[in-house]
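This report concerns only the one structure given below.
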Amino acid sequence: MKLITRNTDYALRALCYMSKHEGLVTVGRLVQKLGVPQPFMRKILQKLNKERILESHKGQGGGFKLKISPKKIYMVEIMRVFQGPLGLNGCFLKKDICPNKGKCVLRKKIRSIEEGVLGQLREITIASLI
């Protein structure tokens, strides 16, 4: 199980870098500084722009910059953008409809762990990572 995927990791690193540097940051600069392959970085930045976390400026001298304060960009939101809804509590049998859903002891224990993990993730902002 991976809690953070490669794209989420790249996005978090890019956002942290951008929050430390004023003004526009180009894809090329991020690729060079972070060591992330250009095709991945371009797609990640486009997705963050679509989600209105970044704003893009086209043309010569263009690039991307944060649209939101680093204090208001939460890690859990970036995870949701790149990984979908967060949850650890899928049935280990991979069944959509489980007859034991209401009384499954394992499900209740995992639910408790999930709530603790998500609670801590909700507190992490980009500002707290830099």
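The opening position of the sequence shown corresponds to residue 704 in the working numbering, with each subsequent residue numbered one higher. Backbone N, C-alpha and C define an ideal beta-carbon position, used for all residues, glycine too.
- DSSP places LEU706 in no beta strand (DSSP E); its state is neither H nor E.
- Secondary structure note for LYS736: its alpha helix (DSSP H) is the uninterrupted segment 730 to 737.
- Beta-bridge pairing by DSSP links GLY766 to HIS760.
- Contact annotation: VAL728 and GLY762 have beta-carbon atoms that are not nearer than 8 Å.
- Here GLU754 is not near VAL730, since their CB atoms are 8 Å or more apart.
- About 6 Å separates the beta carbon of ILE781 from that of THR711, a gap short enough to meet the 8 Å contact definition.
- When the beta-carbon positions are compared, ALA714 and LEU737 stay at least 8 Å from each other.
- Taking the C-beta atoms as reference points, ALA830 is found no nearer than 8 Å to SER759.
- Judged by DSSP secondary structure, LYS750 falls within the alpha helix (DSSP H) whose first and last residues are 741 to 753.
- Annotation for ARG825: no alpha helix (DSSP H) segment contains it, and DSSP assigns it neither H nor E.
- Residue pairing by DSSP puts TYR777 in a beta bridge opposite THR828.
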